[in-house]
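Here is the structure we will look at, set down as C-alpha cells.
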Amino acid sequence: MDRCDRAARNGRVSAFRTDRWKEAMEIKLPMTDRVQGCMFRWIGLVCLVLLCATGALADRNYSQRVFFDNSLSPNSYYYSSGTISYPSHLRLVDGKVPVETEEFISGPNALQLEWTSAPGGGWVAALQLYQWRNRKIFFPGSTLSFWVYTDKGFSPAALPRVALQDINSGFTAPLSIAKYVKDVRGKRWTHIEVPLVDFQTVSVSAFDPHRVVKMVFTQGEADNQPHTMYLDDIAFEGTGAAQKNQKVDAVSDVRAEGFERHVDISWREKEDPAVVQYVVFRSINHAPYKQIGIQRPGVGRYMDFLNNPHITASYKVAARTAGLRMSALSGPATASTHPMTDDQLLTMVQEASFRYYWEGDEPHSGMTRENLPGNDDIVATGASGFGVMALIVGVDRGFITRQQGVERLLKITKFLATADRYHGAWPHFLDGRTGKRLPVFDMFDNGADLVETSFMAEGLLAARQYFKGNSPEEKELYKRITQLWEGIEWNWFLVPTTKDALYWHWSPEYSWYIHNRLTGWNEVMITYLLGTASPTHGAPPGIFYTGFAGEGIKSPYVNGKFYYGIQLPVGGGTGGPLFFTDYSFMGFDPRGIHDKYTDYYVQNRAQARINHAYCIANPNHFAGYGADDWGLTAVDGPDGYVAYEPTASLDDGTMAPTGAISAFPYTPQASMMALKHFYRDLGERTWGIYGFRDAFNLQKNWTSGIYMGLNQAPMVVMIENYRTGLVWKNFMANPEIGIMLKRIGFQPDSVKTNKENHR
1 MDRCDRAARN GRVSAFRTDR WKEAMEIKLP MTDRVQGCMF RWIGLVCLVL LCATGALADR
61 NYSQRVFFDN SLSPNSYYYS SGTISYPSHL RLVDGKVPVE TEEFISGPNA LQLEWTSAPG
121 GGWVAALQLY QWRNRKIFFP GSTLSFWVYT DKGFSPAALP RVALQDINSG FTAPLSIAKY
181 VKDVRGKRWT HIEVPLVDFQ TVSVSAFDPH RVVKMVFTQG EADNQPHTMY LDDIAFEGTG
241 AAQKNQKVDA VSDVRAEGFE RHVDISWREK EDPAVVQYVV FRSINHAPYK QIGIQRPGVG
301 RYMDFLNNPH ITASYKVAAR TAGLRMSALS GPATASTHPM TDDQLLTMVQ EASFRYYWEG
361 DEPHSGMTRE NLPGNDDIVA TGASGFGVMA LIVGVDRGFI TRQQGVERLL KITKFLATAD
421 RYHGAWPHFL DGRTGKRLPV FDMFDNGADL VETSFMAEGL LAARQYFKGN SPEEKELYKR
481 ITQLWEGIEW NWFLVPTTKD ALYWHWSPEY SWYIHNRLTG WNEVMITYLL GTASPTHGAP
541 PGIFYTGFAG EGIKSPYVNG KFYYGIQLPV GGGTGGPLFF TDYSFMGFDP RGIHDKYTDY
601 YVQNRAQARI NHAYCIANPN HFAGYGADDW GLTAVDGPDG YVAYEPTASL DDGTMAPTGA
661 ISAFPYTPQA SMMALKHFYR DLGERTWGIY GFRDAFNLQK NWTSGIYMGL NQAPMVVMIE
721 NYRTGLVWKN FMANPEIGIM LKRIGFQPDS VKTNKENHR
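If you count by the numbering used here, then the sequence shown holds residues 1 to 759, one letter each, in order.
This is the structure in C-alpha cells:
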C-alpha cells in the first residue's frame, strides 16, 4: 500500500499516512536564557501542578455543546459560505461570512450578518461545524441557543429563518425565529433559544437534531431594509435554567508570564459542570478591564498575543455559565513583554510545545492524546513515544522537575504494561481509561501497529538512559522500560512468505489483512533499526536493506538527482514530506555515520534544503511562501489530510510550522528565519497556548484549530538535538544501538558531520 492509498484509508499524518452581558462588559476594576528561566522556575512548577490537578477535562464538554464561539481566521469565517439572489443583498468577504471584532459574547470575535431582504430575492448564509480529527458529532442538548446584537433595533419578523442539517444529510425546513424573540433592541445582546423539536424534517431521511453539522440562515420578512446583526456563542443547551444561571465560584491562582510578543495566562480550575467558559479580561496602563477572550473548561490557560515587545498588561479571569452568569473576577496578574534573544525564543517554543504533553495528557494513563481539542479518551501510541522524548527535554530545561518526569513515566509504563498488546506491539490507538484497543481508522486496523510501537520504543529507550539514576524510582523505571522493550516481537512482523521485510499491521481477527509492507524512504526507518537492535526478538540484519531499502524489488530508494541545485541521495521525487527527517531521527543520531547508500544527516539536510528552495520558488504562487515561510509536511489541511511535500500536485498553500522548526538540526538559519516569521509576523494566527498551531493557509485564509501529538514533540526534541544533542546522546547510549549499527553495517564518515559544519 503506498502512502496515498494509506492516507485515503486512515486519514492520519503518515507517509502512507444580553443586558446582563453589557453590565459585565462595563465593569471597571481597580543573564542567560536558562539562568533567567530558573530564577522563577519554581513559580511555573507550582502552576503546572495546579493545572494538572484539574484532570485535563479536554474537549468533551466543549464539543458536545459548542457549534461556534470564535473564528481563528481574520476578516471572514472559513467554515461558512453565502449566496445571494437579486435583488436581495448579503455582505460576504471572499464568499464567506465576515468576522466582527468590536462586539462579541465570546471574545475575541463574532460573526456579522449584513443583509437586505427584498421581495422576489433571497440570500443564504451557511455555517459548517468545524469537524476536527476524531471529533464525535453528538449534541445531547435539546435547545439551539445563540446570541444576537444590533446597533439599531428592528422587528423580530425581519430576523433570518434558520434551517439545520445533520451529518447524514438529513435536514429541516427553514424555521422563523421571530416567535422566540419579544423584540430586537439596539445596542444590546439578545438571547434566542429555539427548542429542537420545533424543527421539522423535510428530507428523505429523518433529521437527527443531535448530530448537526450545518446551520443555515436565510431570508426572513422581505422588508427591503438594510440590517446588520452580530451572531455569537451558538450552542446546543439543555433546558435546565438552574444550572445555566447558578452561582459559580471565582477563579483562583491566576498567573501571567510575559514573552517577546505575547503573555501566557494560567489559572486553577475547579470541576463545576455549570461552568462552560472561562472569560479573560485585560487592562493596559491601568485602563478599565475589557474582555479579550475565552477558554473552554479543562485547559486552564490562555494566550494573549500583544504583538509588542515593550508592554505591561494585567489580567483577571472569571468563570461563566451558559446563561452568561459570571463569577466574581479573580485577583490580577501582571506581566510584561520584552525582547528575546534567539536562544530565549528557542526555549519559548520548546516550553510551549512541551505543555501539550504535560498539561494536555490523558489523566488516567499519562499518555498523549492524538490531538487537542480532540476525543478525551483516545491516546496515540506513537505520539506518546514522541511525548516521552519531549518529557526528557522538559526535565533537562527545567520546565518540570526530574521527580515529576519520573512519576509521569512510571504512570505511562504501568499503563503500557497492562494495555492491549499483540506479540508485544501496541495498537495505534488505545482507550486511555481502560487500555483497550480502539480501531479508529477502520475495523481491520484493530491490532498491532509496529510503526507506532517503534515510535514508542524510540522514546522509551531514550528515557531509559536519561533516567538511569540510583533512586528506587529510577531503577524501577529502568526495569519497566527494559521489560516493555524486550517484549516486542519484531520478528513476528516479517513478511510471512519471503521474510525479507516487516509488515506494519497484524490483527488477531483479520491477521495480515492490511497488507502493508514497510519499504522506504519514509518515516519507518526507526522500525527497522529497532527491529534489528532487539536483543530478544530481533529481525535479521539484512532486512534493513531488503525491507527498508527494498533491495530485490522495484524500489525508488536510490535517487541521486539534483533539485534546485541540491542533490538528494535517496527517496522518491523531491524526498517527500519533512516528517521523514524527524520521526526516525528524534532519537537516532544520523551524524557522522553512513550505510551503503548515504549519510542520513546529509540526506535529511538535503531534503530540508530542497523543501526550503521549493517554497522560495513557489511554483503555484501561493500567498506567503518564501525564505521565511516554508516547511511542507503531512498534516490535516483545510480540506482534510494531505501529505504535503515540495511538488506542485501535493501543495495547496498549507504550511505546518513543525516542518521548518523541526528541521533545526539541518537548516538552523532557515529554520530560525521561519520561527521568527511565524511568531513575530503571523502572530496569533500561528501561535497559541501550546506554541505553534498545527497548520495555516494564507491563500485560503485558514488556520487549524487543533494541535497534534505527532507535530508538537518534534519541535521540542529536534530543537534540543540542534542545541545540545540531548535526546540523540541518550538514545544512542543504549548498548543495543551500537550493536545494531554493526549488524546493519553502518560505518563512520571520513569527515564527521555535525551542526557546526552544515550551517
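Using N, Cα and C, we set each Cβ at its ideal position, and we do this for glycine too.
No Cβ-Cβ contact shorter than 7 Å links V263 with V317. For Q403, the uninterrupted alpha helix (DSSP H) run begins and ends at R402 to T418, by DSSP. Of all C-beta pairs linking the stretch 455–475 to the stretch 375–385, three or more are shorter than 8 Å, placing the two stretches in contact. Counting the other CB atoms within 10 Å of its CB gives N224 a total below 16, which places it among the exposed residues.
Put simply, of R185, D629, Q295 and I265 the residue whose alpha carbon is nearest the alpha carbon of S314 is I265. Between the C-alpha atoms of F580 and T658 there is a straight-line separation of about 12 Å. Taking 7 Å as the cut-off, the beta carbon of E193 is found closer than this to the beta carbon of T143. Under the three-state reduction of DSSP, D342 is assigned to helix. By the Cβ criterion, the stretch 80–93 is in contact with the stretch 114–126, since at least three pairs of Cβ atoms, one from each stretch, lie closer than 8 Å.
As DSSP reads the structure, P748 sits in a beta bridge with I593. Nearest C-alpha to H89 among I137, S117 and F68: S117. Judged by their CB atoms, G405 and L391 are nearer to each other than the 7 Å cut-off. Taking the CA atoms as reference points, A352 sits about 18 Å from V727. For A235, the enclosing beta strand (DSSP E) covers residues P226 to E237. Three or more pairs of CB atoms, one per stretch, sit closer than 8 Å, so the stretch 607–620 contacts the stretch 657–671. In the displayed model, S85 falls within a strand according to three-state DSSP. M443 sits exposed, since fewer than 16 C-beta atoms from the chains shown fall within 10 Å of its C-beta. Counting the other CB atoms within 10 Å of its CB gives F104 a total of 16 or more, which places it among the buried residues.
Closest by C-alpha distance to A322, out of G186, D233 and L72, is D233. For the options L231, T574 and D208, the alpha carbon positioned closest to that of S145 is the one of L231. Straight-line spacing of the CA atoms in E489 and S71 works out to 47 Å. Annotated three-state conformation of L324 is coil, per DSSP.
DSSP places R268 inside the beta strand (DSSP E), whose first and last residues are H262 to R268. Closest option to A623, judged by alpha-carbon separation, among Y563, Q699, G640 and G691: Q699. Inclusion of S63 and V99 in the CB contact set at 7 Å is not warranted, their separation being larger than that value. Per DSSP, T453 is one residue of the alpha helix (DSSP H) stretching across L450 to Y466. Of P556, A549, R743 and D749, the smallest CA-CA separation from R591 is found for D749. Nearest Cα to V204 within the set V251, H191, A173 and V184: A173.
In the assembly as shown, N470 is an exposed residue. Its beta-carbon has fewer than 16 other beta-carbons within 10 Å.
Two segments are said to touch when three or more pairs of C-beta atoms, one from each, lie closer than 8 Å; by this definition the stretch 360–368 does not touch the stretch 332–347.
Excluding its 5 nearest sequence neighbours in each direction, E486 has C-beta neighbours in its own chain below 6 Å: T536, listed in chain order. In the three-state scheme derived from DSSP, where H, G and I count as helix and E and B as strand, F585 is classed as helix. Segment contact: the stretch 645–663 against the stretch 591–601, fewer than three CB-CB distances shorter than 8 Å; contact not assigned. Residue environment analysis places K468 among the exposed positions, since fewer than 16 neighbouring C-beta atoms fall within 10 angstroms of its C-beta. Pairing N516 with H505 gives a Cβ-Cβ distance under 7 Å.
Between F386 and L450, the CB-CB gap reaches or exceeds 7 Å.
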